[in-house]
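Asker: Starting off with a structure, shown below.
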Ligand SMILES: Cc1cc2nc3c(=O)[nH]c(=O)nc-3n(C[C@H](O)[C@H](O)[C@H](O)COP(=O)(O)OP(=O)(O)OC[C@H]3O[C@@H](n4cnc5c(N)ncnc54)[C@H](O)[C@@H]3O)c2cc1C
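Numbering (the numbering used here), first residue to last: 219 to 556.
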């Protein structure tokens with residue numbers, strides 16, 4: 219039996235696993251995909267994420283960076299065409315390489331890393347059984363970090379309100395757009411998306427994406443966004459190299475953070491954590507860290523979970539403040555101010 223079994227080797231899972239191993243626990247980290255795996259993401263690592271990673275994993279290696287290596291912040295254009303420039307330096311990384319680096323560091327710290335798809339978990343009085351396709355494992359505590367589509371949460375818990383997520387669709391193109399390459403650009407004009415539309419640059423690719431509630435409309439909105447970039451920012455698209463579909467939570471004022479139940483903790487996207495404009499790596503890292511920290515605090519799972527919930531209060535309050543801030547500059551998100 220493991221002390222801690224972590225499901226999902228994204229930022230939340232790698233942080234939770236490494237911190238648990240550092241505390242001397244016997245840890246199994248599973249991911250359904252062979253690593254390095256792809257994860258649809260813009261790969262902007264804000265300063266808070268950089269600090270947490272560098273404090274726990276060491277200096278982020280150059281091979282994980284895409285060009286331009288430094289992201290200088292976000293330029294947001296609201297529904298009225300008003301532009302806001304938020305400058306704060308972070309990194310521009312490739313998620314497959316970055317997450318792989320985190321997983322290898324966790325392994326170095328003593329974590330057992332395995333490719334395996336967890337199906338569900340069953341809690342007993344003194345342990346949790348995690349079911350895989352042909353076998354099962356037992357652990358004192360499970361930290362589910364299996365992302366926004368968490369199977370573990372779906373198959374185990376009476377769970378929270380992730381019934382209406384935002385579907386993201388982005389294309390990696392060759393070409394040029396006259397927008398600053400070292401900023402992430404977000405557009406809230408409702409003609410361009412049902413959530414936000416964005417532009418960023420990674421190595422030789424220009425990336426254009428849209429968030430929608432109705433997946434059948436993602437290409438319609440995407441082509442409107444391309445036309446908008448052509449008209450307003452001299453976009454020239456030479457070729458489309460790759461398309462990606464992803465998912466983020468649709469955070470609303472009613473949406474609840476869910477940190478788990480009994481011996482099964484949730485962290486990262488699984489816990490419904492997400493900051494405005496789809497920034498989720500910082501809360502994934504913070505919650506993975508605090509989940510592992512809480513396990514150390516007691517022998518009693520109930521106390522551990524309470525400690526985890528208490529220690530997350532500051533991060534959750536910060537997340538809510540950020541959504542309210544967005545509400546102050548965008549009509550689409552004004553509901554956060556009510
Ligand atoms: C288009 C897009 C752009 C984004 N851009 C940014 C950005 O620039 N910056 C930012 O901070 N955030 C961004 N985000 C959000 C960010 O990607 C997530 O918030 C972050 O990845 C959450 O980390 P996590 O560890 O909780 O989950 P994930 O990174 O999703 O990791 C979950 C892991 O669990 C594994 N898994 C899933 N199911 C199982 C299972 N049953 N068994 C075993 N393993 C399983 C998956 O393979 C995956 O490796 C973006 C999201 C999208 C969709």
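Even for Gly, the Cβ is constructed at its ideal location relative to N, Cα and C.
1) When you compare only the Cα positions, how much space is there between residue 420 and residue 288?
2) Please classify residue 439: does DSSP put it in a helix, a strand, or coil?
3) Could you check where the alpha helix (DSSP H) with residue 313 kicks off and where it finishes?
4) Tell me whether residue 383 counts as near ligand 1, meaning its Cβ is closer than 7 Å to at least one heavy atom of that ligand.
5) Pick helix, strand or coil for residue 358, following the three-state DSSP scheme.
6) Using the Cα positions of residue 438 and residue 372, report the straight-line distance between them to the nearest angstrom.
7) Express the C-alpha separation of residue 449 and residue 233 in angstroms, rounding to a whole number.
8) Among 509, 219, 344, whose alpha-carbon lies nearest the alpha-carbon of residue 524?
9) I want to know whether the stretch 251 to 263 touches the stretch 413 to 429 - three or more CB-CB distances under 8 Å.
10) How about residue 526 and residue 477: are their beta carbons less than 8 Å apart?
11) Are residue 451 and residue 397 touching if we call contact CB-CB under 8 Å?
12) By the three-class DSSP mapping on this structure, what secondary structure does residue 382 have?
13) Using the Cβ count rule (16 or more neighbours within 10 Å means buried), how would you classify residue 516?
14) Look at the Cβ atom of residue 489, then the Cβ atom of residue 533, and state whether they are nearer than 8 Å.
15) Throw me the rounded Cβ distance for the residue 480 and residue 280 pair, which I believe falls under 8 Å.
16) Reducing DSSP to helix, strand and coil, say where residue 433 ends up.
17) How far does the alpha helix (DSSP H) with residue 237 in it extend, from its first residue to its last?
18) Label residue 460 either buried or exposed according to how many other C-beta atoms from any shown protein chain fall within 10 Å of its C-beta, with 16 as the threshold for buried.
Answerer: Short version:
1) Answer to the nearest angstrom: the Cα atoms are 11 Å apart.
2) Reduced to three states, the DSSP call for residue 439 is helix.
3) Where residue 313 is concerned, the enclosing alpha helix (DSSP H) stretches over 313 to 326.
4) Incorrect: residue 383 has no Cβ contact closer than 7 Å to ligand 1.
5) Looking at residue 358 - three-state DSSP - the assignment turns out to be strand.
6) Their backbone Cα atoms lie some 31 Å apart in a straight line.
7) Residue 233 and residue 449 have their C-alpha atoms spaced approximately 43 Å apart.
8) For the residues 509, 219, 344, the minimum Cα distance to residue 524 belongs to 509.
9) Cβ pair count under 8 Å is three or more, so yes.
10) Cβ distance < 8 Å, so residue 526 and residue 477 count as in contact.
11) Inclusion of residue 451 and residue 397 in the CB contact set at 8 Å is warranted, their separation being smaller than that value.
12) Residue 382 falls in the coil class under three-state DSSP.
13) So residue 516 counts as exposed.
14) Going by C-beta atoms, residue 489 is not nearer than 8 Å to residue 533.
15) No, residue 480 and residue 280 are not in contact; Cβ-Cβ is about 42 Å, not under 8 Å.
16) In the structure shown, residue 433 sits in a helix (DSSP, three-state: H, G or I).
17) Where residue 237 is concerned, the enclosing alpha helix (DSSP H) stretches over 229 to 240.
18) It counts as exposed.
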